[in-house]
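Q: First the structure, which I've put down as structure tokens, then a few questions once you've had a look.
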Amino acid sequence: MFTTSNQSLIALPAFMRFISTYPDPQEVCEALMGGPLAHFNAKSVNMFLATEENTYKIVGTTGITAPLVPRYMEMPRTLNTPLNDAVIEGEIVTTSILKQLDDYPSLALDRKIWEDVAKTAGDLRIDTIPIVSNGKSIGAYDMFSEGAEPGRKDYAFLSALGHLLGVWATHPYTENSLESSFALNSDEVSFNLNERQLHILELVEQGRSNSAIAVILGYSQSTVKQELQRAMRVLRTNERSEAAKRARELGLHLCQ
Numbered sequence: 159m160f161t162t163s164n165q166s167l168i169a170l171p172a173f174m175r176f177i178s179t180y181p182d183p184q185e186v187c188e189a190l191m192g193g194p195l196a197h198f199n200a201k202s203v204n205m206f207l208a209t210e211e212n213t214y215k216i217v218g219t220t221g222i223t224a225p226l227v228p229r230y231m232e233m234p235r236t237l238n239t240p241l242n243d244a245v246i247e248g249e250i251v252t253t254s255i256l257k258q259l260d261d262y263p264s265l266a267l268d269r270k271i272w273e274d275v276a277k278t279a280g281d282l283r284i285d286t287i288p289i290v291s292n293g294k295s296i297g298a299y300d301m302f303s304e305g306a307e308p309g310r311k312d313y314a315f316l317s318a319l320g321h322l323l324g325v326w327a328t329h330p331y332t333e334n335s336l337e338s339s340f341a342l343n344s345d346e347v348s349f350n351l352n353e354r355q356l357h358i359l360e361l362v363e364q365g366r367s368n369s370a371i372a373v374i375l376g377y378s379q380s381t382v383k384q385e386l387q388r389a390m391r392v393l394r395t396n397e398r399s400e401a402a403k404r405a406r407e408l409g410l411h412l413c414q
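Per my numbering, residue 159 is the first one in the sequence shown, and the count goes up by one each step.
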């Protein structure tokens, strides 16, 4: 079992001085992994913040999880994931690369991607820690690491970092860097469906044809087809009815 070492505590003041300069999120993730989280043998650190569009968006990432970034760049907050559990419960959620595939059906859709990462890095432990501001979870950071499970003091330390990140993330000086986005060269689609796609999937589930959906929603048939094809890519299926079913099962629906 880990116990918070002098190395982590020694690194904390330097990290606090660094974060007081309001660096961009990418720099924060890199500083976390090389500083306060180095004791945990962290292999990757990723930071997610809630958006006004009811999604979570990656604002910083570093380490071995780069292949996963395009897929999880933005996710709906209705999706059942360790991230959403940590934010809703306000507690650290611990799992592993392979274990989460059994516990979270949404992640199991991407089993091959996760298993490829595990083949390279091993079945790393994943700790997802809430980022808290004024007593409210506004996102989370996760840490992929190997070795023994953290102890009670370690979890308290990780939680304290989450509160520190909350102060940084909500400061006006940080706003501009949070609004910037990654330039990704990838054919992957993020695990997110827009309102138009959700409308279409709901009508598909009702048994409507593409032409009928076009009339009901006032879109062209080509638009319906394009949006449906993208939704099917997001949901890892070539069948329109299966896409509608998966969206419902995963809790992807229009907010009422």
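Virtual Cβ for every residue (Gly too), placed ideally from N, Cα, C.
Would you kindly work out how many angstroms separate the C-alpha atoms of Arg388 and Ala402, rounded to a whole number?
A: Taking the first residue of the sequence shown as 1, we reach residue 388 at position 230. Taking the first residue of the sequence shown as 1, we reach residue 402 at position 244. When rounded, the distance between both Cα atoms is 12 Å.
Q: Classify Ser378 as buried or exposed, calling it buried when 16 or more other Cβ atoms lie within 10 Å of its own Cβ.
A: Against the sequence shown, residue 378 aligns to sequence position 220. It counts as exposed.
Q: Once the 5 residues before and after Met231 are set aside, which same chain residues still bring their CB inside 6 Å of it?
A: Taking the first residue of the sequence shown as position 1, residue 231 is located at position 73. Hits under 6 Å: Ile216 and Ser348.
Q: Given a threshold of 16 other Cβ atoms within 10 Å of its Cβ, counted over all protein chains shown, does Val203 qualify as buried or as exposed?
A: On the sequence shown, residue 203 is found 45 positions in, with the first residue counted as 1. Burial call: buried.
Q: Which of the three DSSP states is assigned to Ile371 in this structure?
A: As a position in the sequence shown, residue 371 is number 213, starting the count at 1. Residue state, collapsed to three classes: helix.
Q: For Phe160 and Asp312, what's the separation of their Cα atoms in angstroms?
A: Residue 160 sits at position 2 when you count from the first residue of the sequence shown. Residue 312 sits at position 154 when you count from the first residue of the sequence shown. Because the pLDDT of Phe160 is 49, which lies under 50, any placement of that residue in the model is unreliable, and the number read from its coordinates should be weighed accordingly. Spanning the two alpha carbons is a distance of roughly 7 Å.
Q: Tell me, please, whether the CB atom of Met174 is closer than 9 Å to any CB atom in chain C?
A: Absence of chain C from the displayed structure is noted, only one protein chain being present.
Q: Grab me the residues of Ala189's own chain with a C-beta within less than 8 Å of its C-beta, minus the 5 sequence neighbours each way, in chain order.
A: Reading the sequence shown from its first residue, position 31 is the one you call residue 189. Same-chain partners within the cutoff: Phe173, Phe176, Ile177 and Pro181.
Q: Find the nearest neighbour of Leu195 within the set Gly248, Asp285, Asp274 and Val227, judged by alpha-carbon distance.
A: As a first step, residue 195 must be located in the sequence shown, where it is residue number 37. Ranking Gly248, Asp285, Asp274 and Val227 by Cα distance to Leu195 puts Asp285 first.
Q: Check this for me: beta carbons of Ile287 and Ile250, under 9 Å apart or not?
A: Within the sequence shown, the letter at position 129 stands for residue 287. Within the sequence shown, the letter at position 92 stands for residue 250. Yes, they are a contact pair.
Q: Judging by CA-CA distance, which residue of Pro171, Glu211 and Met191 is the nearest neighbour of Asn350?
A: In the sequence shown, residue 350 corresponds to position 192, counting from 1. Ranking Pro171, Glu211 and Met191 by Cα distance to Asn350 puts Glu211 first.
Q: What first and last residue would you give for the alpha helix (DSSP H) that runs through Asn242?
A: One-based indexing of the sequence shown puts residue 242 at position 84. Pro240 to Glu247 is the span of the alpha helix (DSSP H), which, as asked, contains Asn242.
Q: Output needed for Leu256: all residues of its chain with C-beta closer than 8 Å, excluding positions within five of it in sequence on either side, in chain order.
A: Start at 1 with the first residue of the sequence shown, and residue 256 comes out as number 98. The answer, listed in chain order, is Trp272, Glu273, Ala276 and Asp281.
Q: Run through DSSP, which three-state label would Leu237 get?
A: Walking along the sequence shown from the start, residue 237 turns up at place 79. Reduced to three states, the DSSP call for Leu237 is coil.
Q: Output the distance between the C-alpha atoms of Asn238 and Arg391, rounded to the nearest integer angstrom.
A: As a position in the sequence shown, residue 238 is number 80, starting the count at 1. As a position in the sequence shown, residue 391 is number 233, starting the count at 1. Taking the straight line joining both Cα atoms gives about 19 Å.
Q: Hey, how far is the Cα of Ile374 from the Cα of Leu267?
A: On the sequence shown, position 216 is the one that residue 374 refers to. On the sequence shown, position 109 is the one that residue 267 refers to. Distance between the alpha carbons of Ile374 and Leu267 is about 30 Å.
Q: Strictly by DSSP, which residues pair up with Lys201?
A: Against the sequence shown, residue 201 aligns to sequence position 43. BP columns for Lys201 are empty, so no partner.
Q: Determine the direct distance from the alpha carbon of Arg398 to that of Val227, and round the result to whole angstroms.
A: For the purposes of this step, residue 227 is identified with residue 69 of the sequence shown, where counting begins at 1. For the purposes of this step, residue 398 is identified with residue 240 of the sequence shown, where counting begins at 1. Taking the straight line joining both Cα atoms gives about 26 Å.
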